[in-house]
Structure formats: structure tokens, C-alpha cells
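The sequence shown begins at 1 in this note's numbering and counts up by one. Scroll down for the structure; my scribbles are underneath it.
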Amino acid sequence: VIGTWFLMHIMGIIGAALMTGIALIIGQGFVMNWYYWKKTGLDMIRFWKSVGKIYVLPTIMCCITLVVSHFINFYNIFALLVGIIIYTVLYVVLNWLFIMNDYEKNIFIQPLRKIFTKPKRSK
Numbered sequence: 001v002i003g004t005w006f007l008m009h010i011m012g013i014i015g016a017a018l019m020t021g022i023a024l025i026i027g028q029g030f031v032m033n034w035y036y037w038k039k040t041g042l043d044m045i046r047f048w049k050s051v052g053k054i055y056v057l058p059t060i061m062c063c064i065t066l067v068v069s070h071f072i073n074f075y076n077i078f079a080l081l082v083g084i085i086i087y088t089v090l091y092v093v094l095n096w097l098f099i100m101n102d103y104e105k106n107i108f109i110q111p112l113r114k115i116f117t118k119p120k121r122s123k
């Protein structure tokens, strides 16, 4: 709170937001991860390695979308809908190939199997 007050006077509302972000990173990031590692015995390095790879694909796709948006007018409803469909298909396929494990793939496939398999007729 004190840091937010000081930065707000120097940088305005951006300073308040910046200090809030710094406090969250220190408190929820470093302090809590240290606590989970030392006091509860959780392997936080392994956890962040497994979680970290989840953020790579959306970050890359977001950057590509920002570049593409300079050339395509997404304010056009048709372009927006086509863009959403392409983004969604790419996201699912790339997640399937690079991020999802067998358990997660099975969770994704099970409902689709129920939808697309024909029920057997009883005599």
C-alpha cells in the first residue's frame, strides 16, 4: 500500500498498477513458492516446468495474431469469424501435438466418441 502510494504520486495510475504487480509477484510468486517448497515439500521447480510450457503456445499465437491484425481488418464480421475459427483450430491442434499428455487427450476424446458413435439397436 505504501509503495503504491509513492509510485502513484510519481507515475500516476500506471505507478499504482505497477506496484500492485510487483507486490503480487513478490508475495504470491516468490514467497509462496518458497513456502510450498520448504514447508510443504512440493517440487515447485517441476510444477513450474510443467505449467510453463502451457504459456508458450498462447504467447506465440498472440504475437502472430498481433502481426496478422496489421494486415487484416478484424472489425469486419466475416474476417473476425474466420479468424476465430482458424485460431481455435490451430490452438487445439498445437495443444494436442505439443502440450497435452495422454490423460488430457483422453478427456478431450471421450465426449467426442459419445457424440459421434451410433448407438446399437436392441432387438
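Glycine residues also receive a C-beta, built at the ideal position from the N, C-alpha and C atoms.
Among Asp-43, Lys-38, Gly-52, Tyr-87, whose alpha-carbon lies nearest the alpha-carbon of Met-61? Closest option to Met-61, Cα to Cα, is Tyr-87.
Complete runs of the alpha helix (DSSP H) confined to the segment 30-56 [at least 4 residues]
For the segment 30-56, whole alpha helix (DSSP H) runs of length 4 or above, ordered along the chain, are 32-38.
* Asked: Can you find at least 3 beta carbon pairs, one from the segment 93-100 and one from the segment 63-81, that sit closer than 8 angstroms?
  -> At 8 angstroms Cβ cutoff, the stretches do not touch.
(Q) Please list the terminal residues of the continuous alpha helix (DSSP H) segment that includes Thr-137. (A) Coverage of the chain is limited to positions 1 through 123, which leaves residue 137 absent and any answer about it impossible.
message = Using only the alpha-carbon positions, how far apart do Pro-119 and Tyr-35 sit?
response = Near 52 angstroms, if we compare the C-alpha coordinates of Tyr-35 and Pro-119.
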